[in-house]
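Each residue of the sequence shown is one higher than the one before, starting from 1055 at the first, in the working numbering.
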Amino acid sequence: MKKEVLDYVVEQTHALMNAASCSREAKEAAQAWLDAVGTENETEQTKKYVAELEADIVTVDALIGLAESETGAKIFGAEKAKEVAAHGKEIKAAGAVYCDCPACAAVEKILAKKDEMLA
1055 MKKEVLDYVV EQTHALMNAA SCSREAKEAA QAWLDAVGTE NETEQTKKYV AELEADIVTV
1115 DALIGLAESE TGAKIFGAEK AKEVAAHGKE IKAAGAVYCD CPACAAVEKI LAKKDEMLA
């Protein structure tokens, strides 16, 4: 992996790990990848990391669906769930494909470099 790609992905990986919305699984995959950088395990961990990120990123449609559900009301609270749903609809109308929370935003940036990471 080219140094500039590596540096960018490392930076975004730290942003992901520091995001309150980052799942435990994504944090663990991120740390495993960081630990493997520069070792014989880097390629294998890169594949695992990319797979975890692809599984974890939330589409804007899924965000809206969650926010409009009973589960979303329990997670966010009834009023906040309405705000999240409205925000999801707003960003979708603007062309967003994915949730724009800090974790998903970092994942989207990392996955944009997927081909270069796996090359």
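C-beta atoms are modelled at their ideal positions from N, C-alpha and C, and glycine is treated no differently.
As the structure is a prediction and not an experimental result, all values here were calculated from the model.
On the three-state DSSP scale, how would you describe residue i?
i, result
"Thr1093", "coil"
So residue i and residue j are supposed to be a Cβ contact under 8 Å. How far apart are they, rounded?
i, j, result
"Tyr1152", "Ile1111", "6 Å"
"Thr1097", "Ile1164", "Not a contact, Cβ separation roughly 16 Å."
"Lys1167", "Val1059", "5 Å"
"Ala1083", "Glu1108", "Not quite, the Cβ-Cβ distance comes to about 11 Å (not below 8 Å), so this is no contact."
Rounded to whole angstroms, what is the Cα-Cα separation between residue i and residue j?
i, j, result
"Glu1162", "Val1104", "11 Å"
"Phe1174", "Ala1116", "Outside the displayed span of the chain (1055 to 1173) sits residue 1174, for which this structure offers no information."
"Lys1057", "Glu1137", "40 Å"
"His1141", "Ala1069", "22 Å"
"Lys1081", "Glu1170", "21 Å"
"Val1063", "Glu1079", "18 Å"
"Val1091", "Gln1099", "8 Å"
"Trp1087", "Lys1101", "9 Å"
"Ile1145", "Ala1139", "10 Å"
"Met1055", "Lys1134", "41 Å"
"Glu1094", "Lys1143", "44 Å"
"Cys1155", "Ser1075", "7 Å"
Is it buried or exposed for residue i, if we count other Cβ within 10 angstroms and need 16 for buried?
i, result
"Leu1172", "exposed"
"Glu1065", "exposed"
"Ala1121", "buried"
"Ala1148", "exposed"
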